[in-house]
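Residue numbers (full-length UniProt numbering): 1 to 454.
For reference, the structure is listed below as structure tokens.
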Amino acid sequence: MPMEPDLMEDVKADLSHEDSVHPPVNGQSTLVDQFEENIKQEPADDAAPNRDQIPFPPSTARDVAMEVQKVKENRDRFRIEGRTGGIGPGLSVTMFTFHNTFDSVNCIEFSGDNTLAAIGTAESYIRVWSLDNRPLVSPQDPPGSQPSSSRRLIGHSGPVYALSFSPSAAVPDQSSNDDTRASAATDSQPRYMLSCSADSTVRLWSLDTWTNLVVYRSHNSPVWDVRFCPHGHYFLSCSADRTARLWSTPQIAPLRIFVGHDSDVETIAWHPNGAYVFTGSGVGDKTVRVWSIVNGNQVRIFTGHTGNITAISCAPNGHLFASGDDKGEIMLWDLRTGRRTKTLKGHHKGGVWSLDWSVESSVLVSGGADKTVRVWDVQQNKESQNKSNGDSVTKIDGATVGAASATSKTGKAKGPVVSPDQISCFATKKSPVYKVRFTQMNLVMAGGAYLEQA
1 MPMEPDLMED VKADLSHEDS VHPPVNGQST LVDQFEENIK QEPADDAAPN RDQIPFPPST
61 ARDVAMEVQK VKENRDRFRI EGRTGGIGPG LSVTMFTFHN TFDSVNCIEF SGDNTLAAIG
121 TAESYIRVWS LDNRPLVSPQ DPPGSQPSSS RRLIGHSGPV YALSFSPSAA VPDQSSNDDT
181 RASAATDSQP RYMLSCSADS TVRLWSLDTW TNLVVYRSHN SPVWDVRFCP HGHYFLSCSA
241 DRTARLWSTP QIAPLRIFVG HDSDVETIAW HPNGAYVFTG SGVGDKTVRV WSIVNGNQVR
301 IFTGHTGNIT AISCAPNGHL FASGDDKGEI MLWDLRTGRR TKTLKGHHKG GVWSLDWSVE
361 SSVLVSGGAD KTVRVWDVQQ NKESQNKSNG DSVTKIDGAT VGAASATSKT GKAKGPVVSP
421 DQISCFATKK SPVYKVRFTQ MNLVMAGGAY LEQA
């Protein structure tokens, strides 16, 4: 979605000032040049709604600070590509393991600025940690109280199933005494967090006061997932009542109700342009559907999964998305043609729980109940996949998808099937992977809970 003209001018002015104060080094492009290059690379979609059709609040200084930081990250990030040329990306994965949880963790979430981690538990509470050891203080703390790097949020009356931080950008380097950088760091941190629960509610929490601000009541069954819009202000929820609902944070009633699934809507995702949403369902349906938030209409339906849909993620380029199920299969889809392009196999024993894309939309990372983080090449030429030694190739919606054989020539099982598209696999010992996330610098953050019996 195109940026507001006024916001664009303010961002350019700040980038120009930053270039003059901190000139680029070692052949780097200027931030202004990088910003203009980003605008040129944004795909034009004549069918996409324009900003006038989706009302957002007026831009603020915080929006400018976040856009400036995004440009910096885009210029300085570690670029990775698929292994189409025979060389795979050297990805780094940081794994955060939560101990002494006694199998009570339902979800894990990281903030967009990489400074906070949160868990939702079966005991109805939420705990948030500072990943940079920064004290999580509140103006409501009693005088003389001991600062802590974690907070416990209580309000739900049932298990907490999903969390979502409001949009934020990575904190700039504050090693210098630059007041502008310190101010930008404060402005770009997340302000709010959403949570959903078996008590049929969604709650909005302040990360300044660490208190519950709003309770959203409309669903009449457990709420399985909740997600902030990439641009903030709006959010999406889904429930066992077979609906997904669109909300804006200032209003306590939903703006849209998306109806069409024949069973629980178990997972949701946003398109990067903020104009479309994805919903995935389970038993009796097993479809992924795409909806327009402008008019509430269903614009796409994707079928093919044999298991319950457990994870959805749309690529930053807006052309592809991935869906995972509880049987361990990941399917890649082309939004322009409506066709499946690949089926990725490798996860097993409980399925896929989380998916995310690299900034270039060329590499997919997944995490699941089998205690692994797996990295996939989404660009590998499907025609070149191995067709020998019993491997099969089938036609699916006009695309060629390779599947490795699970048995040897003697007929004995070799173990779980792993697609040739898998670049690497990072295994934990006893920690199912609840969350995987690419940072804007193309590093991978993963979170899991240690289970003694796993």
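Positions of the beta carbon are idealized from the N, C-alpha and C atoms, including for glycine.
Identity of the residues DSSP links to residue i by a beta bridge
i           : result
M445        : T94 and R437
N212        : W205
D377        : V363
Y450        : None; Y450 has no bridge partner.
I126        : G120 and L153
A369        : None, per the DSSP bridge assignment.
F165        : M193
residue 477 : Nothing can be reported for residue 477: it is not among the residues displayed for the chain, which extend from 1 to 454.
W357        : L364
S248        : Y234
R217        : T201
Enclosing beta strand (DSSP E) for residue i [first to last residue]
i    : result
S197 : Y192 to S197
M331 : E329 to D334
V290 : V288 to S292
E266 : V265 to W270
N106 : V105 to F110
D19  : Careful: D19 lies outside any beta strand (DSSP E), inside the alpha helix (DSSP H) at P5 to V21.
G120 : L116 to T121
T303 : Where T303 is concerned, there is no enclosing beta strand (DSSP E), given that its DSSP letter is neither H nor E.
A427 : Q422 to A427
A342 : Going by the sequence as given, residue 342 is Lys instead of Ala. Where K342 is concerned, the enclosing beta strand (DSSP E) stretches over R339 to K345.
T238 : It should be noted that the sequence gives Cys, not Thr, for residue 238. Segment Y234 to S239, the beta strand (DSSP E) holding C238.
R242 : Careful: R242 lies outside any beta strand (DSSP E) and carries neither H nor E.
D285 : From DSSP, D285 is part of no beta strand (DSSP E); its letter is neither H nor E.
T279 : Y276 to S281
V418 : Counting along the chain, V418 falls outside any beta strand (DSSP E), and DSSP gives it neither H nor E.
F102 : F102 -> no beta strand (DSSP E), and no H or E assigned at all.
R227 : V223 to F228
R79  : Here R79 belongs to no beta strand (DSSP E), and DSSP marks it neither H nor E.
I257 : R256 to V259
Same chain only: Cβ atoms within 6 Å of residue i, ignoring 5 sequence neighbours per side
i    : result
C425 : T372 and R374
W129 : A117 and S150
V290 : Y276, F278, V299 and R300
D132 : T115
V365 : D356, V375, V436 and V444
N386 : Note on N386: pLDDT 37, under 50, position unreliable in the model; the coordinate value appears next. Within the same chain, N386 has close Cβ partners P420.
G307 : D325, D326 and K327
H347 : G328, G368 and D370
T209 : S138 and Q140
V418 : G346
Y450 : T97, H99, K430 and S431
Proximal residues to residue i (C-beta, below 8 Å), its chain only, five neighbours per side dropped
i    : result
R127 : A118, I119, T121, S150, R151, R152 and L153
V68  : V11, D14, L15, E18, L31 and A184
S361 : A315, P316, N317, H319, L320 and V378
T94  : L443, V444, M445 and A446
L7   : S59, D63, V64 and E67
E452 : K430
N74  : Q34, N38, V359 and Q440
G86  : Annotation note: pLDDT 44 at G86 (below 50); position unreliable, coordinate value reported separately. Cβ neighbours of G86 beyond the five flanking positions: none.
Assumed close pair residue i, residue j - CB separation to whole angstroms, cut-off 8 Å
i           : j    : result
F321        : I312 : 7 Å
S197        : P159 : 6 Å
V288        : S263 : Not a contact, Cβ separation roughly 13 Å.
residue 455 : G155 : A question about residue 455 goes unanswered here, because the residues of the chain that appear run from 1 up to 454.
Cβ neighbours of residue i in the same chain (closer than 7 Å, five flanking residues each side left out)
i           : result
F56         : H231 and H233
H17         : none
G398        : Confidence at G398 is low in this model, with a pLDDT of 30, below 50, so its placement is unreliable and no value can be given for it.
I257        : T243 and R245
V137        : P147
A369        : K349, G350, G351, W353 and P432
S111        : F165, S168 and P190
residue 463 : An answer regarding residue 463 cannot be provided, because it is not within the stretch 1 to 454 covered by the chain.
S20         : none
Residue from the options with nearest C-alpha to residue i
i    : options                   : result
V71  : G447, M441 and Q453       : M441
N114 : G447, T439, A449 and E452 : T439
S358 : G368, D377, K349 and L344 : D377
Q146 : H156, I268 and P135       : P135
V225 : D262, W270 and F302       : The sequence given here places Asp at residue 225; Val does not occur at that position. Among D262, W270 and F302, the Cα nearest to that of D225 belongs to W270.
N297 : A427, G260, S104 and G280 : G260
Y434 : T249, G144 and V105       : V105
I293 : T428, P272, T94 and D285  : P272
R227 : G158, S237 and E73        : S237
T267 : T343, S281 and F235       : S281
N212 : W247, M193, A449 and E81  : M193
S323 : K342, R336 and T337       : K342
Range of the contiguous alpha helix (DSSP H) that encloses residue i
i   : result
V68 : A61 to D76
8 Å Cβ cutoff, residue i in contact with chain B
i    : result
Q298 : Looking for chain B here will not work: only one protein chain is present.
Residue i beta carbon near the ligand ADP (any heavy atom closer than 7 Å)
i   : result
E37 : By its list of ligands, the structure shown contains no ligand whatsoever, and the ligand ADP lies outside what it can speak to.
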